[in-house]
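To start, the structure under review is shown below, and the notes come after it.
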Amino acid sequence: MVSSWDLMYSPFASVMGINHVPSMDEKLRLKALLAVPRTELNRLEMEIAHTQSVLDGLLRQKEKIQSYIEAHQALMSPIRQIPSETLADIFVWCLPADRNAVRSLKEAPLLLTTICRNWRQVALDTPRLWNSLHIFLPPYLSDIAVSKRAIGVKTWLQRSGSLPLSISFHVKPQFSAPPTTTTTTMDFSNRLKLLIRTLVPFGHRFGNLFLSLPSTELGAFDVLSMCQFPMLQSFRVRDANVFYGFFYPPGPWNDGTSSENASRVPFAPLLNQMPALKRLEVAEISIRDGGHLTLPLNWGLLTDLNLQGGDSTTDYCHAVRVTEAFDILRKTSNLQNLQISIVLMPDHPFDSTSLGMIHLPQLGSLRIKFMRFQPDDRSIPAQVSSVFQYISPPSLKLLSVSWTNPFPMGSTLNEIPFPTLETLEIAMEMTPEALTGWLSCVPELTSFKFEDLGCPSGAESLFAFTSTFRDSHLLALTPSHDNPSPLCPKLTTFRMSNHLFPTETRISSSALLGFVQARAPALKTFDLFFDRDQSFAENDLIELRKLKKNGLQMRLHYAKYPLHEEDLPSDGLHPRPDHQPPFIAKRNQMSDMEGVFGTDRVV
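Okay, so the sequence shown: first residue is 18 according to the working numbering, each after it adds one.
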């Protein structure tokens, strides 16, 4: 009976759970009392073991039958009914959309060759899976590994049939002596040339080529320059040394005494063989003044041109002067997209009266980064103004302007002559009046992104800056009874970041709320980032959160800095790192909307 094993009915129930010490007589009674339950326990354990054995047998039988069913059901799987041509189309959609394919078994196309015999054959027989490839050469790869990589590259490209090829070739610079454990007989240049020679037979099919190498190694591609690239339409070249933050200055710049490396363009021989080139990007490569104009290009064919420097404020040697920029634009009347870094040099022989209007009828996107060579130069305002005054792009839709050095753009340019703009991105110091002037010139604007780097407040302190963007701008953008014709009436996207900690910001939550509420039916994205908590009114924040719940894509967020704890139990055991002051990385870059420490989101 179940009650027989209930502790409540035990003759020793009254002494259980306490520190009672049984007597000898009680011990004998306990042994006699447990004889029957122990026998019953042994019987139950044997019965359970037998039942478990039967259960295990049933489970094994179940798994066997289930595997039998699944194996036969797989034969009826819909994927098996898909024709090879359709399966190939699906495979192509598995390729990365924003870069070339890589030699990894975790990604298409190589991943697709590991699934089954049929998929492998379909993948190998689909040229569209193999007409893009990213090639990487580390500095200390062994000879055997380089030879295997060359064989793999050749095999990969042979599978592409006769399709145009997209190739990216990246070399990691060698900053120090190779490890002593590395066994190589070829030096680095010879290993690089081995891979380049592998590409030579396919050069006539290059449609897109991206080279990211140390500028000293670009000469190794002279062997490719003996080929023709009749199909090549896009060429990108980047100095990998600068990409990794390692840069050797080329010597005196733009003064007629440049070193030999700076006086020649190492990739010029390749350009000679690209008669159909339409898109050119030159990133972070030092070219002496006027050197871009000597590039052997059919400038009139170019639709996309990107001449950009690095992120450092000292990367002026990767930029072009204003007059050279104008000379380039006179040659490229078919440009559709232009990204250019312009250095403003002192004592530049700049005469605006000799400039004629440059017509760029197809230019739709213009991104300019200004760099200043010296802090004080009276020619800067004229040079900057001329860029906007003497360029005529009647179809311009996007304008992005950034400034790497502290200089109030508001004292240089108070309006922009591009009324067709739909997207405006600004990352520079400017006066509030200049910003108002810019916004009043763009009635078709739908997207506005502003990195508020402030403007000098007139005080003597180095950090005496106040915000450029203020309540007055929000009020001017807000439709109301008193403002029936607001600025930028078609605005749908508004993004602003304030990188002025510590300083005074001049935006109130009531002005923010009024702007968002008035624009809410058309406004799709509203994003604000501040370096510090603005202590906005809680009632206004509640109303903003309600608007977000109703579907508005909205963020109101602040920089999140590490807390400094004053009472750590481990204090003194380990050295504490120096306190890092608040700092915003790449403060003039349009892509950076947050601080280096992350954010606290409020709305």
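Ideal Cβ placement from N, Cα and C applies to all residues, glycine included. Everything numeric in this text was worked out from a predicted model, so none of it was measured.
- Rounded to whole angstroms, the separation of the alpha carbons of Thr509 and Ala539 is 6 Å.
- Our two residues, Asn117 and Arg166, have alpha carbons roughly 17 Å apart in a direct line.
- Each of Cys244, Asp256 and Thr495 was checked against the Cα of Pro286, and the nearest Cα belongs to Cys244.
- Contact annotation: the segment 289-297 touches the segment 244-254, with at least three C-beta pairs closer than 8 Å.
- Inter-residue distance for Asn59 and Ala52 is about 11 Å (C-alpha atoms, whole angstroms).
- The C-beta distance from Leu352 to Leu310 rounds to 15 Å, too long to meet the 8 Å contact threshold.
- The alpha-carbon of Lys189 is positioned some 14 Å away from that of Leu212.
- Counting only unbroken stretches of 4 or more residues, the alpha helix (DSSP H) elements lying wholly within the segment 482-555 are 488-494 and 526-536, in sequence order.
- Distance check between His151 and each of Thr143, Leu530 and Ile184 places Ile184 closest, using alpha-carbon atoms only.
- Lys386 carries a strand assignment under DSSP once its states are collapsed to helix, strand and coil.
- For Arg60, the enclosing alpha helix (DSSP H) stretches over residues Met41 to Leu92.
- A direct Cα-to-Cα measurement between Val533 and Asp321 gives close to 37 Å.
- Here the segment 375-392 makes contact with the segment 346-361; the two share three or more CB pairs at distances below 8 Å.
- Contact between Lys414 and Glu439 is confirmed by a C-beta separation of about 5 Å, below the 8 Å threshold.
- A straight-line Cα-Cα distance of about 35 Å links Leu456 and Gly307.
- In the DSSP secondary-structure assignment, Cys472 is bridged to Thr483.
- Only residues of its own chain outside the window of five on either side were considered, and among them Phe108, Trp136 and Ala140 have a CB closer than 6 Å to the CB of Leu129, listed in chain order.
- The beta-bridge partner set that DSSP reports for Ser229 consists of His187 and Arg255.
- The straight-line gap separating the alpha-carbon atoms of Glu87 and Lys81 is approximately 10 Å.
- Between the beta-carbon of Asn207 and that of Ser232 there is about 19 Å, and that puts the pair past the 8 Å contact cut.
- As DSSP reads the structure, Asp321 sits in a beta bridge with Arg296 and Asn354.
- The beta-bridge partner set that DSSP reports for Glu446 is empty.
- DSSP, reduced to helix, strand and coil, places Ala451 within a helical segment of the structure shown.
- Of the residues Ile397, Gln175 and Ile408, the one whose Cα lies closest to the Cα of Pro378 is Ile408.
- If one requires a minimum length of 4 residues, the alpha helix (DSSP H) runs lying completely within the segment 98-138 are 101-110, in chain order.
- Val170 places its beta carbon 7 Å or farther from that of Thr131.
- Residue burial is scored here from C-beta neighbours: Val404 has at least 16 other C-beta atoms within 10 angstroms and is therefore classed as buried.
- DSSP places Phe153 in the uninterrupted beta strand (DSSP E) bounded by Ser149 to Leu154.
- By the neighbour-count criterion, in which a residue is buried when 16 or more other Cβ atoms sit within 10 angstroms of its Cβ, Phe546 is buried.
- It is roughly 38 Å from the alpha-carbon of Phe238 to the alpha-carbon of Glu102.
- A straight-line Cα-Cα distance of about 15 Å links Ala554 and Lys563.
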